Amino acid sequence: MNDNQIMSFSEIVGKYRSEEFERADKISTVWKKVVSNVRSNRYESEDSETRMPIGERLANNTRVVDLKNGVLLVEADHSGWIQYLRTYQKFIIKGLQMNVPELKIQTLAFRMKGSNISLNDSYEDQLKKTQKEMEVKISNQEKEAEKFFNKNTDNSEIDKRFDTTLPPEILAKFDSIRESMLTNSKK
Numbered sequence: 104m105n106d107n108q109i110m111s112f113s114e115i116v117g118k119y120r121s122e123e124f125e126r127a128d129k130i131s132t133v134w135k136k137v138v139s140n141v142r143s144n145r146y147e148s149e150d151s152e153t154r155m156p157i158g159e160r161l162a163n164n165t166r167v168v169d170l171k172n173g174v175l176l177v178e179a180d181h182s183g184w185i186q187y188l189r190t191y192q193k194f195i196i197k198g199l200q201m202n203v204p205e206l207k208i209q210t211l212a213f214r215m216k217g218s219n220i221s222l223n224d225s226y227e228d229q230l231k232k233t234q235k236e237m238e239v240k241i242s243n244q245e246k247e248a249e250k251f252f253n254k255n256t257d258n259s260e261i262d263k264r265f266d267t268t269l270p271p272e273i274l275a276k277f278d279s280i281r282e283s284m285l286t287n288s289k290k
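Under the numbering used here, the first residue of the sequence shown carries the number 104, and numbering increases by one thereafter.
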């Protein structure tokens, strides 16, 4: 197709989608390659024949979800894999930058498998959502506390519930102990 030819909208979308799929496939392939090269920095039994190296296990349990403004969103099957990704983040970013410099990847973001966090949500939107959830939680806790301490009861009822005076039998025992100590010291 030459540059002077008119393209239909569906052809433009098809071409764009094809390029996006190629880009996504390239990122996914490079991700697996780079992450598979991660090696544990402490002495472990990675070299044993029965244990798969940490990089390969990490590559098998993580996947690239999105890329936006230099932030690569990665999904993991378990929070433990996210911890490993954070530990080796500099190594992974450097490997990605060397293999696909045109993507200008600067940092990684993580999410658990099944969560709906995306790079399209702004930080402010996520912050507002979290604040609302916390406000509801605090409000519910305050209601529970009100029920427990029932603001309509007077202080004498509360004092009765939390009476700190000792029973007379115990007070009498303490008096006798004190008296015996004083009597013994006089002798």
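Here a beta-carbon is modelled for each residue, glycine too, at the ideal position from N, C-alpha and C.
Here the structure is a predicted model, which is why all the values come from computation and not from measurement.
By DSSP, does residue i sit in helix, in strand, or in coil?
i	result
Asp169	strand
Leu269	coil
Arg214	strand
Ser111	coil
Val133	helix
Ser143	coil
Ile62	Within the shown structure, residues of the chain are numbered from 104 to 290, placing residue 62 beyond reach of any answer.
Ile208	coil
Val138	helix
Counting along the chain, where does the alpha helix (DSSP H) carrying residue i start and finish?
i	result
Glu178	Unbroken run through Glu178 is the beta strand (DSSP E), Val174 to Ala179; no alpha helix (DSSP H).
Leu161	Ile157 to Asn163
With distance defined between alpha-carbon atoms, name the residue in the options nearest to residue i.
i	options	result
Val141	Glu245, Asp180, Lys207 and Arg189	Arg189
Trp184	Leu170, Ile196 and Arg160	Arg160
Ile196	Thr210, Ile241, Gln186 and Glu272	Thr210
Ser143	Gly158, Met284 and Lys129	Gly158
Please report the residue range of the beta strand (DSSP E) in which residue i lies.
i	result
Arg189	No beta strand (DSSP E) contains Arg189, which is instead part of the alpha helix (DSSP H) from Ser182 to Thr190.
Measure the beta-carbon distance from residue i to residue j and round it to whole angstroms, keeping in mind my assumption that it falls under 8 Å.
i	j	result
His181	Asn164	7 Å
Lys216	Glu178	5 Å
Quiz item: Does the region 199–209 come within contact of the region 227–245, defined as at least 3 CB pairs closer than 8 Å?
Solution: no
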